[in-house]
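In the working numbering, the protein residues as written are 275 to 621.
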């Protein structure tokens, strides 16, 4: 079976890469113009280009980073995001040098940026998210292009809801709330978007602290699925009645009916799992992991050239790989500290 190249982003240790499916690892070289030094960097996003397996974009608490050798070495990209905490990065599906970025803005209208020349110049897409809400700091947790029309972009926000632009980023519209406000919580938890994925037919699969929200009509209406609670949830999760804490969703690249979601009991949590749906989110099954996760399962990645491979990580450093579409999994021997991002490409 062919090896895959894996890149992870950590909190406080920069990035690591493996060229042999996780059997061996090396810490990447990060070139930084100023402190903090590379070993202290917090990476929350890494994404390999769909056009070039060696090109990986990364977002950290210092700004934007670009690797052109598969994650071994990184250049710091001077941009308006310098010093901002970048939470999400993604490549354009048809333009190899176009990258979309979501961040934690210091002020209003500075949360989403785009480059069309791989980081040489940048434009502010003026997303109306404010830097702080009545519930505290907000940020863009996830950005994505709509597979049906790349002029349509989507952005999800921490306690800020789900947004879309249908005019190439010139204006943004917020969808209706994904659920009713909860008077027992400090914020409307249904407005807390952790991540989302979009199927080729436009179906939306949204990870929230209280389950997966699915929309089959461009975000006009939502159906929520809540997973079975872990019997030994963290006390805070029990106090807030969080029974289905979801972090990430991905759609299988060769089968739009199949979706994966990473779940846990809280953050960081002490339990985790991966679920799969084979019917566009109408029903779900818990997948067998060889070793119980030590925390919430945080992120997952797929690649169109290896459609049966899924790579996923727990928040505190476990990495799992499936080569058969999620039917079976192996745990990578090496364990890390806190992981917030993972991506891969076949060799």
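Note that CB positions come from ideal geometry on N, CA and C, so glycine has one too.
Item: Which whole-angstrom value is the C-beta distance of residue 383 and residue 400, which I expect to be below 8 Å?; Value: 5 Å
Item: Indicate the three-state DSSP secondary structure (helix, strand or coil) for residue 613 in the structure shown.; Value: strand
Item: Give the straight-line distance between the Cα atoms of residue 341 and residue 291, rounded to the nearest whole angstrom.; Value: 11 Å
Item: Going by beta carbon distance, what residues of the same chain come within less than 6 Å of residue 430, once the five residues before and after it are set aside?; Value: 415, 416, 436, 467, 470
Item: Assign residue 275 to buried or exposed, taking buried as 16 or more other Cβ atoms, counted over all protein chains shown, within 10 Å of its Cβ.; Value: exposed
Item: Drop a sphere of 10 angstroms on the beta-carbon of residue 284, count the other beta-carbons inside from all chains shown, and report buried for 16 or more, exposed for fewer.; Value: buried
Item: Helix, strand or coil, according to DSSP, for residue 608 in the structure here?; Value: coil
Item: Do you know whose CA, among 330, 481, 531, 371, lies nearest residue 572's CA?; Value: 481
Item: Could you pull out every residue in the same chain whose Cβ sits closer than 8 Å to the Cβ of residue 579, ignoring the five residues on either side in sequence?; Value: 619, 620
Item: Given a threshold of 16 other Cβ atoms within 10 Å of its Cβ, counted over all protein chains shown, does residue 483 qualify as buried or as exposed?; Value: buried
Item: Taking the straight line between their C-alpha atoms, what separation do you get for residue 606 and residue 550?; Value: 21 Å
Item: Just to check my reading of the structure: residue 546 and residue 596 have Cβ atoms closer than 8 Å, yes? What is that Cβ distance to the nearest angstrom?; Value: At roughly 15 Å, the Cβ-Cβ gap does not stay under 8 Å, so residue 546 and residue 596 are not in contact.
Item: Which runs of the beta strand (DSSP E) fall wholly inside the segment 355-427 and span at least 3 residues, in chain order?; Value: 359-365, 373-378, 386-389, 414-419
Item: Looking only at its own chain, which residues have a Cβ that is under 6 Å from the Cβ of residue 389, when we skip the five neighbours before and after it?; Value: 373, 396
Item: What does the alpha-carbon distance come out to for the pair residue 434 and residue 592?; Value: 30 Å
Item: With 16 other CB atoms within 10 Å as the buried threshold, where does residue 317 fall?; Value: buried
Item: Quick check: the segment 317-327 against the segment 359-369, are there 3 or more CB pairs under 8 Å?; Value: yes
Item: Taking only three categories from DSSP, how would you classify residue 316?; Value: strand
Item: Is residue 349 helix, strand or coil when you go by DSSP?; Value: strand
Item: Tell me whether the beta-carbon of residue 496 lies closer than 9 Å to the beta-carbon of residue 488.; Value: yes
Item: Taking DSSP as the reference, what is the three-state secondary structure of residue 513?; Value: helix
Item: Nearest to residue 508 by CA position, among 576, 493, 538, 491, is which residue?; Value: 538
Item: Which residue spans inside the segment 475-513 form an unbroken beta strand (DSSP E) run of at least 3?; Value: 478-482, 485-489, 497-499
Item: Please list the terminal residues of the continuous beta strand (DSSP E) segment that includes residue 563.; Value: Neither: residue 563 is in no beta strand (DSSP E) and is coded neither H nor E.
Item: So the candidates are 441, 427, 577; which of them puts its Cα closest to the Cα of residue 279?; Value: 577
Item: Hey, out of 531, 300, 600, whose CA is closest to residue 610's CA?; Value: 300
Item: By the DSSP assignment, the beta strand (DSSP E) with residue 279 in it spans what residues?; Value: 278-284
Item: Using C-beta distances below 6 Å, list every residue in its chain close to residue 440, excluding the 5 sequence neighbours before and after it, in chain order.; Value: 426
Item: Pull up the distance between the alpha-carbon of residue 520 and that of residue 558, whole angstroms please.; Value: 13 Å
Item: With 16 as the cutoff for other CB atoms within 10 Å, does residue 345 come out buried or exposed?; Value: buried
Item: Could you tell me the alpha carbon to alpha carbon distance between residue 288 and residue 526, rounded to whole angstroms?; Value: 28 Å
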